[in-house]
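Structure, as structure tokens:
Residue numbers (this note's numbering): 1370 to 1855.
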């Protein structure tokens, strides 16, 4: 709850990193100066993105960027964010500077950056959030019907609400509403940021703190209060190529593209490996009536992270051993319910996650403000839980979307490595073999010459039909030698 009181969800959405403009790319190498900036467009358009398993894996939620209003950001130089208090947020921690309306933004007094400008290098490891109008430390909730008001930018000057910089490139994209208390979500660039904790619960049904001028813990008779609005980011797992438009749109501009055509997941190349895979797997789950959650089978013992779409092959010569169930990768293999399962009581347009609350639950503030907002249903209009992949796909509104967020599998050109037949007992084989009689067995795999009799038999031994007896017989040694090794 402390991190939610300070404006952060339980999930850590990536808002800084490779697409923030904080780094430059030269020949695929991240450096601090020179080269070309890596932006959101590099990943949305698959134009020379820089790959990272911590960033563009299509499992980590990454906030999209585009032509969107630019807002001042503030930073807390404490880790983790739950250690931050209301008085710990600054636009320049070194100078104890807080955001002030009418002040000019310069690189010297706004080191925390904006939603379009990355912070100074020394602050990039600390949590950042959008700055809102405050009186001292207290959040101002009396500044008209749109309170609280974010601090936007007009030219180079801080202003209340969205400023004149409505088309700042590569700015963080947020879901919006016409007013702070409204429940109709839009995705245009002309409105105020959507204050998500007006509805008191997030998309998974988790409790959110009540918005107040100052943070306060819960008591027997009250609920926790937080002094920072929880804004709703637009994520790459929801829309992979579309950009924010100037006009309002009540539906997420997801487009028809899936992640395979983008740089939000690394593109693989044909790879050959000799290895023994020893792994655990995720359990299957029966959901009734002939439907369920598969664990993917033995082919998913090798857990690929990349996109192998386009018939890219993975060549593995070795062996596959499944020990037990996963100790850390324990979530359902397909987290979105099959629309044909008995648990799927909501319409198909509201595909339910195995982790979310019933979508029919009415969400209202426990301590409603005055005037009280109207009741809203199903997570306040948050984006529906599906993924822009073609894995375990279904069609919604004519668009194919996926229920599985993971990799796009390769062509599996796999086989057994016969060299393992001469391998002495090891971590795997000792479980089903007897120990060798000598401390150093002579059963090592070796490369034998081309004219070895065993190789001749293996590679050149063929069967020929005997038409007289309607039987088969092998070639003689002389015939093999003459035919295969002249």
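In this text, a Cβ means the ideal position worked out from N, Cα and C, and glycines have one as well.
Taking C-beta separations shorter than 8 Å and ignoring five residues to either side along the sequence, the partners of residue 1823 in its chain run 1817, following chain order. Of 1622, 1641, 1670 and 1643, the smallest CA-CA separation from residue 1652 is found for 1670.
Taking 8 Å as the upper bound for CB-CB distance, residue 1621 and residue 1702 are not in contact here, some 25 Å apart. DSSP places residue 1662 within a strand segment (E or B) once states are collapsed to three.
Under a 10 Å Cβ-count criterion, residue 1644 is classified as exposed, with fewer than 16 other Cβ atoms of the shown protein chains found around its own Cβ. Exclusion of the five residues before and after residue 1692 leaves 1647, 1648 and 1649 as the residues of its chain whose Cβ lies within less than 8 Å of its Cβ.
Taking the CA atoms as reference points, residue 1680 sits about 44 Å from residue 1448. Only exposed fits residue 1668, as fewer than 16 other CB atoms lie within 10 angstroms of its CB. Counting only runs of at least 3 residues, the region 1426 to 1486 fully encloses the following beta strand (DSSP E) elements, listed from N- to C-terminal order: 1434 to 1437 and 1442 to 1444. DSSP places residue 1414 outside both helix and strand once states are collapsed to three, so it counts as coil.
Taking C-beta separations shorter than 8 Å and ignoring five residues to either side along the sequence, the partners of residue 1610 in its chain run 1413, 1414, 1624, 1626, 1630 and 1631, following chain order.
For residue 1643, DSSP records a beta bridge to 1686.
Here the region 1465 to 1480 does not lie against the region 1418 to 1426, with fewer than 3 beta-carbon pairs under 8 Å apart. Counting of Cβ neighbours within 10 angstroms places residue 1819 among the exposed residues, the total staying below 16. Of the residues assessed, residue 1787 falls on the exposed side of the cut-off, its CB having fewer than 16 other CB atoms within 10 angstroms. Assignment of residue 1559 by DSSP, reduced to helix, strand and coil, places it in the coil class. Taking residue 1377 as the centre and dropping the five residues before and after it, the same chain places the C-beta of 1450 closer than 6 Å to its C-beta, in chain order.
Proximity of the region 1526 to 1538 to the region 1424 to 1431 falls short of the contact definition, fewer than three beta-carbon pairs being nearer than 8 Å. By alpha-carbon distance to residue 1483, the top candidate from 1508, 1523, 1510 and 1503 is 1523.
The beta-carbon distance between residue 1539 and residue 1417, rounded to whole angstroms, is 16 Å. This is too long to meet the 8 Å contact definition. A straight-line Cα-Cα distance of about 16 Å links residue 1489 and residue 1499. For residue 1636, there is no enclosing alpha helix (DSSP H), as DSSP marks it with neither H nor E.
With fewer than 16 neighbouring CB atoms inside 10 Å of its own CB, residue 1666 falls in the exposed class.
Excluding sequence positions up to five before and after residue 1370, its CB lies within less than 6 Å of the CB of 1593, all in the same chain and listed in chain order.
Annotation: the region 1523 to 1555 contains the following complete segments of the beta strand (DSSP E) (minimum length 3 residues), in chain order: 1526 to 1529 and 1537 to 1541. With respect to residue 1462, residue 1389 sits apart: the two C-beta atoms are not nearer than 8 Å.
In the DSSP assignment, residue 1756 is bridged to 1771.
DSSP, reduced to helix, strand and coil, places residue 1677 outside both helices and strands of the structure shown, so it counts as coil. The continuous beta strand (DSSP E) containing residue 1781 extends over residues 1780 to 1785. Judged by DSSP in its simplified three-state form, residue 1669 adopts helix. One alpha carbon belongs to residue 1467, the other to residue 1558, and they sit about 26 Å apart.
Here residue 1519 is buried. Its C-beta has 16 or more other C-beta atoms within 10 Å.
Between residue 1599 and residue 1704, the alpha-carbon positions lie close to 25 Å from each other.
In this structure, 1405 is the residue among 1515, 1405 and 1763 with its C-alpha nearest to the C-alpha of residue 1387.
Counting every other CB atom within 10 Å of its CB across the protein chains shown gives residue 1492 a total of 16 or more, marking it as buried.
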